[in-house]
Amino acid sequence: MLCAKYITHSFSRHTHEGYAIGVIESGVEAFTYRGAIHQAPAGSIVIIHPGEVHTGHAGIPEGWSYRMLYPDAALLQQAAAEVNIHTCSLPFFSQPVIQDKFLAQQLQGMHRAIESSDVQLERESRFLWTLAQLIARYADDRPLPAPLSQEHAAVENAKNYLEMHFAESVSLNHLAQRVNLKPLRLLRVFQREVGLPPHAFLIQIRVVHAKRLLAMGEPIAQVAFDTGFTDQSHLNRHFKRLVGVTPGQYAAGCLRRL
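Here the sequence shown stands for residues 3 to 260, where the numbers follow this note's numbering.
Here it is as structure tokens:
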């Protein structure tokens, strides 16, 4: 994973072991690939296949900044197989530069989540979901998503598991195995049934329990630990976002009501 800005730096011909997938955040990147020169302005998605030779340099004097991921080919093959449910070959992208504002924003959000999120479930969910969207939209012979079936019971089981294990670090694969669904399938039906992805549902459960503990007078640092947040700052960030006040302000309000 890489987040960088370049002005004068130039990448000579090179390859990557896995895919190189990124989004240009500012400026323009120029690169040679498959016998042609490509320009990728801000907002573009860039995709380079494993083992394929390419270069990279500034397309304008101001340079460019981007966020890049280098997933193994097996991860994209897994995502492609789950999109179509059947096993499929390695995804092939004929367009090295893609203009898709929505998907570019998804890639940026995924990158930031992997970079900074304290919730493993969020990192894995965003990663798999975004790769699946990229494959479904732009891979040649792209598989069509299978129609959603009624899998209400599996979603209820997933919700119950998260509610019972909210203080633990829950992985997407483990949660999917618990309810006998493939990870991407779980993401899709959970979002449909609940209106939130699993990681967001988990955060909400944690905040609900944090409110209860704060109302009981438990110290904020201990509340963060007891509810599965990495530290107090992560509790503060999610609590303020969902409740509208900080944990300290909420606790003070509870004391005033006693």
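The C-beta atom is built at its ideal place from N, Cα and C for all residues, glycine as well.
{"Check": "Buried or exposed (CB count within 10 angstroms, at least 16 for buried), Met3", "Outcome": "exposed"}
{"Check": "Integer Cβ distance of Ala22 from Val30, believed to fall under 8 Å", "Outcome": "At roughly 17 Å, the Cβ-Cβ gap does not stay under 8 Å, so Ala22 and Val30 are not in contact."}
{"Check": "Cα-Cα separation, Gly250 to Pro221", "Outcome": "9 Å"}
{"Check": "Contacts around Arg259, its chain only, beta-carbon distance under 8 Å, and the 5 residues preceding and following it disregarded", "Outcome": "Its pLDDT being 48, under 50, Arg259 is placed unreliably by the model, and the measurement read from it follows with that caveat. Cβ within range, chain order: n/a, list empty."}
{"Check": "Local Cβ density within 10 Å of Arg114, reported as buried at 16 or more and exposed below that", "Outcome": "exposed"}
{"Check": "Own chain, CB closer than 8 Å to Leu78, minus 5 neighbours either side, in chain order", "Outcome": "Tyr21, Leu92, Pro93, Leu133 and Ile137"}
{"Check": "Beta strand (DSSP E) segments (min. 3 residues) lying fully within the segment 135-220", "Outcome": "none"}
{"Check": "Buried or exposed (CB count within 10 angstroms, at least 16 for buried), Gln224", "Outcome": "exposed"}
{"Check": "Span of the beta strand (DSSP E), counted from its first residue to its last, around Val111", "Outcome": "Residue identity differs from the one stated: residue 111 is Gly in this sequence, not Val. First-last for Gly111: Lys103 to Ser118, but that is the alpha helix (DSSP H), not the beta strand (DSSP E)."}
{"Check": "Alpha-carbon to alpha-carbon, Val55 and Leu189", "Outcome": "35 Å"}
{"Check": "Inter-stretch contact (C-beta, 8 Å, three-pair minimum) for the segment 107-121 and the segment 154-162", "Outcome": "no"}
{"Check": "Buried or exposed (CB count within 10 angstroms, at least 16 for buried), His26", "Outcome": "According to the sequence provided, residue 26 is Ile. The question's His does not apply to it. Ile26 comes out buried."}
{"Check": "Any alpha helix (DSSP H) of 4 or more consecutive residues that is wholly inside the segment 69-93", "Outcome": "75-86"}
{"Check": "Three-state class that DSSP yields for Ser235 in the structure shown", "Outcome": "helix"}
{"Check": "Backbone CA spacing between Phe203 and Thr34 [nearest angstrom]", "Outcome": "43 Å"}
{"Check": "Cβ contact check for the segment 60-72 and the segment 101-108: 3 or more pairs under 8 Å", "Outcome": "no"}
{"Check": "Pairwise C-alpha distance: Leu71 and Thr10", "Outcome": "22 Å"}
{"Check": "Cβ shell of Leu164 (< 8 Å), same chain only, five flanking positions each side left out", "Outcome": "Val172, Leu177, Pro200, Phe203, Leu204 and Ile207"}
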